[in-house]
Every structure is written in structure tokens, then in C-alpha cells.
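Beneath this line is the structure, given in C-alpha cells, with notes to follow.
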Amino acid sequence: MLQVARLLMDTSVLEFYPTIFVLVTEVMDMLGDLVWERIKQKAEFTEDETRVCTLSENFGASDICFDAKETCNNWFCKVGSVRELLPRIYLELAILPCWRFLHDRPEECLQRVVMMTRGLADPLASSYCRLYMVHCARKLPACDTGYLITCINDIKVLLMRTISTTESPYAYLTDNKKLLVSLMEPTIEYLIKCILNDASQRQLGKILVELGIGKTQLELSGSSPCISIILHHLLKELPTEVVVSNSMEIFDVIRYTNDHSFDQCLNYRLLGFKLSESRSQMEIVNAVVDKVIQVVTEYDRLEDYLTVLDAYMDTILQNQMDDYLNSMLEGIVDRACKKKIVEDELASLQSIMVKLISYFRELGDLFSLNHFLEILDVMYGGSRNVVNMHILSMAMRNGYVCDQTIVKLLFEVSRSLHDGMDLANMKDDESQLPSRLIIRFIQLVDYGEEMEQHLNFLVECRGIFGNLSDLKETLVHSSNALVTKALKGGKNRLSFVKSCVAFSEVTVPSISAHIRQLNLYLETAEVALLGGLVSHADGLIASAMSCLQSLQLEDVGSQIHMEIDGILSSIRKLCSLLVVVPGCIPDQGATNILKGVLSIIHSLSWMTPRMKTRIHCSLVLLSAALSQNKLPYHLHHSEVLGNDMLFFGDTSYASELISFSEPILRYLVDAIDQEPLQTNRGSMALEACNCIASSFKINDDLLMVCYKLIDTAKSCLSVNDKFLQSTIKFLDKRLPPPSPIQVN
Amino acid sequence: MATVELKPSRSNRIYRPSSEPFDGKIVISSPSSISHYGIRLSINGSVNMQVRGGSAGVIESLYGVVKPITIVNKSVEIKSSGKIAPGRMEIPFSVALRQCGEESMERFYETFHGSNISIQYLVTVDILRGYLHKSLSTTMEFIIQSDKAELLNRTVSPEIVIFYITQDTQRHPLLPELRSGGFRVTGKMSTQCCLSDPISGELTVEASAVPIRSIDIHLLRVESILLGEKIVTETSLIQSTQIADGDVCRNMTLPIYVILPRLLTCPTALAGPFSIEFKVTVVINFESKLSKVQSKFDPTTPRLWLAMESLPLELVRTK
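Residue numbers (our numbering), protein chains in the order written: chain Y, 144 to 887; chain R, 2 to 320.
Shown next, in the form of C-alpha cells:
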């Protein structure tokens with residue numbers, strides 16, 4: 144045991160000390176438990192192991208028999224005969240609870256051990272020894288915190304000496320004071336935690352006085368009342384209300400406590416955080432903030448300045464101390480402009496800026512703060528991005544951005560955010576946040592009636608944020624939205640519409656995904672049609688179709704199956720658009736585009752039967768719609784005529800449509816047969832049947848086809864299927880007067 | 002083979018001469034029956050003195066043993082001749098150590114084992130078995146502590162000595178830096194101490210230019226024997242207790258707390274032919290290159306880098 148405890152006498156390798164401490168104290172605890180159990184057994188049992196009594200939790204020394212006391216005494220004698228101080232203290236601490244067998248007031252023994260520990264001159268060994276003391280003292284039933292306060296005060300004296308002496312018998316101390324202090328820190332932290340643990344308000348005051356905190360300014364001046372590191376942990380553990388109500392006194396203590404054990408700034412900072420945590424009286428807060436600002440204005444280093452102010456930011460903002468805010472921002476600019484800002488300073492600066500941003504409701508107020516933009520300009524790197532993102536998300540909160548200057552500023556912010564983005568690492572969600580914010584910003588920009596300016600803005604955006612594919616999509620959407628807005632305005636803005644469509648037309652090809660291109664082309668084509676730009680629309684539809692064609696070339700892979708529904712709905716959308724596209728190019732025939740679509744569909748090898756069925760159905764419906772004398776819907780434009788007007792009564796047009804749809808029927812039936820899943824096949828057959836029945840006048844041939852489809856459906860689905868029944872009903876209604884044809 | 006054992010009534014074997022009888026059991030276990038001529042219990046206490054080393058010269062050490070002083074020597078028959086049945090047998094006994102009215106030659110000094118003086122009490126059981134058989138016997142030491150009746154009259158006087166140690170109180174040569182730099186250590190300590198209590202006091206380093214390496218409290222035993230007309234004194238270190246490890250903070254009070262080793266101490270005894278006394282030495286060990294070179298040295302001998310102060314210590318038995 145002794146050998147183990149002696150290990151702790153060696154503090155030559157500072158870094159190992161805590162580890163050794165843990166190992167040694169584990170063994171010590173084990174010893175303590177064994178001795179305790181042994182003596183307890185002696186007290187409860189006779190030599191021949193019959194139980195005499197059972198000791199209650201709060202037994203007294205008088206309950207213990209002579210023999211057990213003898214054994215216990217022997218242990219203390221044994222420990223007392225150890226020459227070296229440190230192992231003797233550790234061993235006595237290990238069996239400290241055993242004093243209960245001998246005395247009714249074991250705390251007195253603890254008090255003596257506290258004093259004995261003063262004999263350990265090595266700061267590290269001594270502070271860890273006290274740590275073990277606290278650990279052991281907690282096993283005693285009742286113990287006030289007086290001994291802990293003595294411990295802290297003793298450590299204080301030790302530290303003061305360590306820090307102030309330049310020459311020390313311990314060579315390592317001079318080199319490694321910082322390391323030493325950092326190793327001692329946990330012990331101090333724990334001691335203070337134990338002191339303040341469930342201390343009542345009244346006790347707190349007493350504790351503060353005993354630790355030398357609650358003194359008046361007069362008493363303080365000249366002497367250093369505390370050690371920064373102890374003060375720091377004390378502040379950290381004290382309840383906020385206590386700190387706040389004593390904040391002036393604490394400020395004074397901090398001011399007079401300036402040593403190398405801990406950075407004074409950080410104590411000011413902690414005080415600031417504590418102040419901001421509670422709503423307190425204005426006068427106190429004002430006075431403290433005033434004093435702190437006075438102190439920090441004398442700081443030369445930006446880092447210290449920021450560290451302290453960061454903590455007071457919330458208080459300053461919440462209490463609307465605008466004067467302080469201005470002088471503070473000015474102070475930052477003064478110091479920041481002297482030299483380049485380093486990493487640590489950036490972090491504090493970031494925190495200050497974010498606090499500012501989240502405090503203000505209106506962007507305008509924020510931007511009009513003195514020096515705000517200057518400070519933003521001196522920032523760089525990740526911190527700048529964070530601040531930029533905060534500004535953007537704040538701008539988003541208030542909906543549309545109409546103010547031109549703010550748009551300009553936000554544009555600059557977005558630009559710097561974009562420049563700071565790591566384009567190589569755009570995969571994960573977090574790194575996409577900035578680009579989403581920029582997109583959101585562009586969506587929310589509103590120039591009102593100044594649509595040309597808006598378009599210019601979009602053009603500018605395309606130039607700057609050209610790398611972001613998603614963003615270009617937004618640009619196209621925005622420009623299309625502009626067109627509809629312009630058209631709704633009612634004035635003749637043909638040239639503006641043209642330039643918008645042209646903008647979209649140019650922008651779309653640079654977007655990487657074909658499916659997106661396809662959708663955007665369709666959207667733009669629709670807009671172009673709305674604007675009466677038929678030739679543009681034709682061109683756009685052609686581009687859309689070539690997109691569709693190239694879908695096969697590149698994107699076939701696992702992801703295409705995920706998007707299959709999307710593609711399907713895009714194609715259907717194309718079909719519905721084609722209803723209103725005037726097919727007026729005489730030499731190519733009216734159904735030219737339809738045929739184009741059909742051939743593309745056939746060339747796409749990855750199409751599933753279900754998709755094919757649906758597309759073919761759409762085509763059937765489309766041709767049926769086109770063959771009506773009055774189209775179901777028209778463009779709201781006086782100059783663009785629909786096909787119903789162009790080909791009214793033209794028989795060749797009708798026959799062309801019929802000859803177009805005939806083969807489709809065949810393909811349709813084939814496609815259904817290819818579907819491997821039975822239930823799918825059934826519902827597809829019914830879908831097709833419905834489509835055919837509603838599109839054509841039923842003749843016998845068609846009826847055959849329909850019945851065949853019904854049969855297929857019957858073979859695949861249950862007879863009770865609602866869809867099947869309603870389809871059969873529908874078919875019956877569509878039939879010409881009852882015919883004698885029997886179908887088996 | 003028959004065995005005989007002595008089982009005193011107390012496990013710690015501590016007895017007081019006047020108030021309490023020495024009692025216990027004799028345990029005999031034997032596979033066969035034994036006939037005997039009587040079972041006797043004898044008690045023997047004596048002070049044995051030996052001159053060895055110390056301040057004794059060559060001639061004195063040749064004398065060697067000084068005639069021992071007998072304190073008690075009595076023999077009691079526990080059982081008259083008879084037969085012991087086979088198996089285990091317990092015979093209780095009780096002997097008054099000092100009988101009222103009995104003229105005792107010497108005081109019952111407390112049991113003590115020193116280097117030159119030893120005070121020992123032995124109890125012996127003999128089972129006499131005639132000439133044909135070897136007699137069975139066993140011997141055991143028991144411990145004598147002073148009578149309670151005697152102790153009640155005495156209380157420990159709260160006598161406290163205040164001491165101070167500076168470069169000027171030292172009678173041996175010191176390192177020049179110690180002389181020039183100076184130091185001052187003050188303290189107080191009780192000089193009369195109850196054996197069951199620790200030595201207590203306190204000590205403060207008020208100033209020291211040279212860093213301190215260690216401060217120790219040495220407990221010393223002084224045994225003196227009257228040899229002819231000379232007194233031969235032997236001082237030996239019985240326990241060292243460190244109270245400061247390293248260059249402790251100035252003006253911080255350190256406790257002196259030394260638990261007395263039970264087996265190496267007894268009440269201070271001043272008899273005619275011999276005396277047993279104790280003292281305490283506070284030794285301040287200063288940092289110096291010399292001390293590092295000579296790592297092993299007798300801590301009580303004055304050295305250049307040591308400062309010391311000796312205080313008398315009277316140990317008494319109370320309760």
C-alpha cells in the first residue's frame with residue numbers, strides 16, 4: 144500500500160500525474176473499504192462468527208466493542224508510523240471513515256488532515272491530495288463545507304506563490320506554469336462545485352466572504368484578493384442571481400485579480416454571460432456594463448476586446464444601450480483594421496455578428512448600424528459564410544424583398560457567400576444550405592413594376608452564380624413568372640416577353656439534368672404560347688423532345704426508375720400542351736409532332752409496359768381531343784389560333800389523326816400483354832379500355848379490342864373489383880343499340 | 002504427543018498489577034491420559050539491562066550484562082498431583098499479581114523493549130511428570146500497564162513549549178548561505194503527553210531564504226543505566242514523521258501530529274539504576290547540493306544543511 148501511495152510523491156512528469164492519481168486512489172479506496180468492512184465485522188460478530196448486533200446507518204462510537212476499536216486503533220497507529228507525509232495523508236484518508244468507530248465527531252480528524260496537507264509544498268501533489276480528501280470526506284455522514292473553504296484558500300496561497308516566484312525549487316514549475324495550472328484546474332473546479340453544491344442563499348454570502356470575495360473596494364485595492372482561476376470556477380458555479388446581485392463587487396474582484404493562472408478577459412466574459420442570463424435591475428447592469436466598457440476600451444488586442452464584448456452583447460442589445468453598441472462597433476473597427484484578423488478573433492466576431500443579426504427585426508436597421516458593413520468586410524472564410532447565411536435567412540423571414548438597396552446589399556452578401564462556397568464538396572445537406580439560401584433570396588426578390596430591372600437582375604445572377612445548377616432552374620422559373628406577370632399586366636410588352644423567353648431558352652441548356660431541362664422547356668414553351676410566340680414555342684417543344692430523346696442516352700440507370708413517374712407526368716404534360724399548339728406547318732402534316740413523340744417513345748428501350756400503356760393512352764386521348772370540332776381549351780391570346788380553327792372541317796386532318804391512332808391501339812394492347820404483374824396488367828387493361836371507349840365511336844373492331852381488354856382484366860382481377868365493374872357498365876353505355884354479337 | 006497452551010483472558014494480554022488478577026485458561030490436549038505431580042504457574046518480571054555501544058566505552062561493553070532487577074517472581078500450584086484424562090482439558094486460573102500487604106521489591110514498571118533496557122513479564126506453566134517423563138511447559142509474555150488507581154491521581158498538565166529555530170539557535174556549523182540568508186521557524190508543542198494520544202502542536206515557517214526540503218519530527222528514546230559510578234546513556238531514533246514535504250508556504254501553520262508507536266514507548270521511568278526518557282527533535286532539512294550527495298545519513302546528527310531543536314517529552318499513562 145505504502146509503495147502505491149509513494150507513487151504520488153513523484154511529480155516530475157506533470158502530464159502523468161492525474162492518471163497515476165486515478166490508479167492510486169482506486170487502490171486506496173479498495174483498502175479503505177476492506178478495512179471498514181473488517182472492523183464492522185469485528186463490531187457486529189464475535190470471534191466464532193455469531194452476530195451480536197447490527198450497526199445502524201448512524202451508529203456512534205459507543206456502539207462499538209473494545210476489540211473492534213483496538214483493531215481500528217491499530218490501523219491508525221500503523222498509518223501514523225509512516226514517515227513520509229504524502230503517503231501518510233493518503234492512507235489516513237483512505238481509512239478516514241473508520242474514525243467513526245472511535246470518535247463521534249470524525250470531522251475534527253478531517254480538519255486536522257486538511258491542515259496536514261499544507262505541509263505538501265508541491266502545488267500539483269497538494270491539490271490532488273485535496274481532491275482525494277473531498278472524495279473521502281463525502282463518506283462521512285455530516286460534513287460542513289468549512290474544510291473545503293480552507294482547502295481553496297490554501298490552494299490560493301500556493302498558487303499565488305507559484306505564480307509570483309520566478310525562481311522555484313521545482314525546475315519544472317518555471318517552464319510549465321501554464322501546464323501546471325491546467326492540470327490543477329479540475330481539482331479546483333471540483334472543490335468549488337462541492338462547496339457550492341446545495342448551499343443556501345445565506346451560506347453563499349458567508350462562503351463568499353470566507354473566500355475573500357465579498358470585500359469592499361477599499362479593502363480590495365492594492366492586494367490581489369483572489370486567483371483568477373479560482374475566481375473563474377467560483378463564478379461559473381455560483382447561481383446567476385447571486386452573481387448578478389453582487390455584480391459590482393465581483394467586477395471589482397475581477398479587476399484586481401490579474402495573474403497568469405487564467406485570462407482576466409475570460410472572467411469578465413463569464414460575468415457578462417451571467418448578467419445576460421437573468422433579467423436584472425437596469426441600474427446595476429448599466430453600472431457594470433459601463434465599467435466593463437471602460438476596461439475594455441483600454442485593451443489593445445482585438446481578441447481580448449472581442450472575447451469580453453461578445454459576452455455583454457446580449458445585455459447591451461436587450462437593454463437598448465445604443466451608445467455602448469456604437470462605441471463598441473467603432474472599437475472593433477479600429478482594432479480590426481490595424482492588422483489581419485486571426486482565426487480566434489473571427490470566431491468571437493462571428494458570435495457578435497450573429498447576435499446582432501438575430502436581435503434586429505428589420506434588415507434595414509441592421510445595415511444602417513454604424514460600421515456593420517465595414518466589420519462584415521473584414522471578415523473572411525467560414526465565419527464570414529456563417530454570418531452571410533444568417534443575414535440571408537434573416538432576410539427570408541420577412542417575405543419579399545422590395546427595397547432596392549437591400550436587394551443590392553443582399554446580392555453582395557450572396558455573392559460573397561457563393562465565392563466562399565466549397566464547390567467541390569456539395570454533396571451533403573449542410574453544404575447545400577448556402578445555395579438554398581441564395582435560391583430563396585432570388586425567389587423573394589421583387590422589383591414590382593420594374594420588370595426589366597428584375598430581368599437584368601436575373602441575368603446578373605446567372606453570370607455570378609453560374610456554377611449552381613439548382614439556382615439556374617430558379618432563374619428560369621423566375622423569368623417565366625415575370626412573363627406571366629407582364630402578360631397579366633395587360634400592356635403590350637411583346638419585346639419584354641421575348642427577351643424573357645430568350646433568357647430562359649439560353650439558360651436551360653446549361654442545366655445538367657435532362658429531366659429538368661425537359662420540364663423547364665415545357666414550362667417555357669407554355670409561357671411562350673401564352674405570349675403568342677408560336678415559333679418560339681415550337682422551337683422549345685422541339686428542344687424538349689430532343690431532351691426526351693437524350694434521356695435514354697445518358698441517364699438510364701437506377702435513378703431513372705425513381706424518376707419514372709416524373710418523366711411520365713412530363714410526357715403527359717407535353718401531350719396536354721400539344722392540344723393548344725397550332726400544328727400549322729402545311730408541308731409536314733398536322734400530326735407531325737405527335738408522330739415525333741411516338742417514335743421517341745418507341746426508341747426508349749427502358750420504358751416499362753405500364754409507362755408505355757399510359758403514354759399511349761395519353762396519345763389516344765390527345766388525338767381524340769384534337770379531332771373535336773371545338774378544342775376543350777384554348778390559349779388566352781387573340782393572335783394564336785387553335786387547331787380547331789385552323790383545320791375546321793378538314794377531312795384530311797381527321798383521317799390523318801385516325802391513321803395516327805390506329806397503330807397506337809395495337810401498341811397499346813401489346814404493351815399490356817408485356818406487363819408481368821397480374822394485378823397491374825388488369826388495371827392497365829381497364830385503363831386502356833376506358834380510354835378507347837371514351838375516345839372513339841365504337842364499332843365492331845373496336846368492340847373486339849375492348850372485350851379482349853375486359854377479358855384480360857377479368858383474368859387478372861377478381862370479379863368484384865369496382866374498377867372492373869364500372870368499366871363494364873361504362874362500356875355498355877357507350878355501345879350502340881344492343882347488338883347480337885356474343886362474346887365468350 | 003500432549004501439548005499445553007496458555008490462553009490469557011484478554012486477547013491483547015494487557016494487565017494491570019494491583020487492581021486486576023492475571024487470569025485465563027490452561028489448555029491441555031493429549032491423546033492419552035497423563036499422570037502428573039502438579040501443575041504450576043510461575044510469573045516472572047524483571048528489568049534486564051545491557052550495555053552495548055552508545056556512550057559506553059570498550060571496557061564497559063566488556064562487562065556486558067548488568068545484573069537484572071527482579072520485579073516479581075512467584076509460583077502458584079494450580080493443581081496438585083493427579084491424572085489428566087485424554088482429550089482436551091481446560092483449567093482456569095487466576096493469580097493476583099500484587100497482593101495487598103505483600104511486600105514487593107520493585108514497582109511494576111510497564112513492559113518495555115528498548116535497545117539497552119528491557120522490561121519483560123513472562124508467565125510459565127509447568128506440568129511436572131517425575132523423572133521418567135519430560136515435564137510439559139510453555140512460556141508466554143504478557144504486558145503490564147500501570148494501575149488505574151495510580152493513574153487517577155495524575156493528569157497531563159497542558160504544558161506547552163514555544164520554540165523558535167533560527168540560524169542563531171544552532172550550535173553546529175551551518176552552510177554559509179543558511180547563515181547569511183537566515184531562516185525562522187516557530188512553533189509550539191506539548192511536552193507532556195499521554196501515551197494513548199498523539200503528540201500535538203504546530204509549526205510555522207516564517208522565513209527562509211534557502212528552500213526547505215523537508216521538516217521532520219523525530220521521536221527519540223533515551224535509555225540510561227547506572228554502571229558503577231557512571232551513567233551509560235543510549236539515545237535511539239524510534240520514529241520519524243515528516244510534516245512538511247518541500248518548500249512549504251511561509252506563514253502557514255502546519256500541525257504537528259505524531260501518533261506514538263505502542264511497542265516502542267512506555268511511560269517515562271526514572272528509577273535509581275536505570276531511566277527511560279523520551280525527547281522530540283524538530284529537524285529542518287534545507288535544499289543543498291551536499292545533502293543530495295549524502296543521501297543516507299543519520300537524521301539526528303547535526304549537519305551543515307540541517308537545523309534542529311530538541312524538546313523534552315514526558316510520556317505518561319492516563320485513563
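Glycine included, C-beta positions come from ideal geometry on N, C-alpha and C.
These numbers were taken from a predicted model, which means no experiment stands behind them.
Item: Proximity to residue 210 of chain R [Cα-Cα], best of R/316, R/70, R/171, R/251; Value: R/251
Item: Contacts around residue 623 of chain Y, its chain only, beta-carbon distance under 7 Å, and the 5 residues preceding and following it disregarded; Value: 647, 666, 667, 670
Item: Sequence-distant residues of its chain with Cβ nearer than 8 Å to residue 425 of chain Y (five each side left out); Value: 462
Item: Beta-carbon contacts of residue 394 of chain Y that lie in its chain and below 6 Å, excluding the five residues immediately before and after; Value: 431, 434
Item: Whole-Å CB distance - residue 827 of chain Y paired with residue 753 of chain Y, under 8 Å assumed; Value: 6 Å
Item: Which residues DSSP lists as bridging residue 37 of chain R, in chain order; Value: R/83
Item: Contacting positions in the segment 238 to 264 of chain Y - beta carbon closer than 8 Å to chain R; Value: 255, 258, 259, 261, 262, 263, 264
Item: Beta carbon of residue 176 of chain R nearer than 8 Å to that of residue 316 of chain R; Value: no
Item: Positions along the segment 203 to 216 of chain Y whose CB lies within less than 8 Å of some CB in chain R; Value: 210, 213
Item: Cβ pair count under 8 Å reaching 3, the segment 248 to 268 of chain R against the segment 275 to 285 of chain Y; Value: no
Item: Minimum Cβ-Cβ distance from residue 249 of chain R to chain Y less than 8 Å; Value: yes
Item: Bridge partner(s) assigned by DSSP for residue 224 of chain R; Value: R/235, R/277
Item: Own chain partners of residue 529 of chain Y with C-beta closer than 8 Å, once the 5 adjacent residues on each side are dropped; Value: 493, 497
Item: CB contact check: residue 187 of chain Y to chain R, cutoff 8 Å; Value: no
Item: Collapsed DSSP secondary structure at residue 310 of chain Y in the structure displayed; Value: Only weak support is given to the placement of residue 310 of chain Y: the predicted model assigns it a pLDDT of 48, under 50, and the value that follows is read from those uncertain coordinates. If DSSP states are grouped into helix, strand and coil, residue 310 of chain Y belongs with coil.
Item: Where residue 229 of chain Y meets chain R, residues with beta-carbon distance less than 8 Å; Value: 246
Item: Residue 135 of chain R: CB within 7 Å of a non-hydrogen atom of the ligand SAM; Value: Here there are no bound small molecules, and the ligand SAM is not part of this structure.
Item: Own chain residues within Cβ distance below 7 Å of residue 225 of chain Y, not counting five before or after; Value: 145, 231, 234
Item: According to DSSP, residues forming a beta bridge with residue 243 of chain R; Value: R/217
Item: Ranges of the beta strand (DSSP E) found wholly within the segment 199 to 241 of chain Y, counting only runs of at least 3; Value: none
Item: Residue 47 of chain R to residue 69 of chain R span [Cα, whole Å]; Value: 7 Å
Item: Span separating the alpha-carbon of residue 191 of chain Y from that of residue 204 of chain R; Value: 48 Å
Item: Rounded straight-line distance, which links the Cα of residue 50 of chain R to that of residue 256 of chain Y; Value: 40 Å
Item: Euclidean distance between Cα positions of residue 520 of chain Y and residue 408 of chain Y; Value: 26 Å
Item: Contact with chain R by residue 277 of chain Y, beta-carbon distance below 8 Å; Value: no
Item: As assigned by DSSP and simplified to three states, the class of residue 652 of chain Y; Value: helix
Item: Alpha-carbon spacing of residue 673 of chain Y relative to residue 638 of chain Y, whole angstroms; Value: 14 Å
Item: Reduced DSSP category for residue 757 of chain Y - H, G, I as helix; E, B as strand; rest coil; Value: helix
Item: Separation of residue 762 of chain Y from residue 856 of chain Y, as counted between CA atoms; Value: 22 Å
Item: Whole-angstrom distance between residue 476 of chain Y and residue 517 of chain Y, CA atom to CA atom; Value: 7 Å
Item: Contact list for residue 255 of chain R against chain Y, beta-carbon separation under 8 Å; Value: 258, 259, 261, 262
Item: Selected residue, minimal CA-CA separation from residue 398 of chain Y, among Y/414, Y/387, Y/383, Y/385; Value: Y/414
Item: DSSP state of residue 8 of chain R mapped onto helix, strand, coil; Value: strand
Item: C-beta atoms of residue 164 of chain Y and residue 290 of chain Y nearer than 8 Å; Value: no
Item: Same chain, Cβ closer than 7 Å to residue 312 of chain Y, five either side skipped, listed in chain order; Value: Residue confidence for residue 312 of chain Y is low, a pLDDT of 49 falling below 50, so the modelled location carries little weight; the figure read from the coordinates is stated next. Cβ neighbours of residue 312 of chain Y beyond the five flanking positions: none.
Item: Neighbour flag for residue 149 of chain Y against chain R, beta carbons, 8 Å; Value: no
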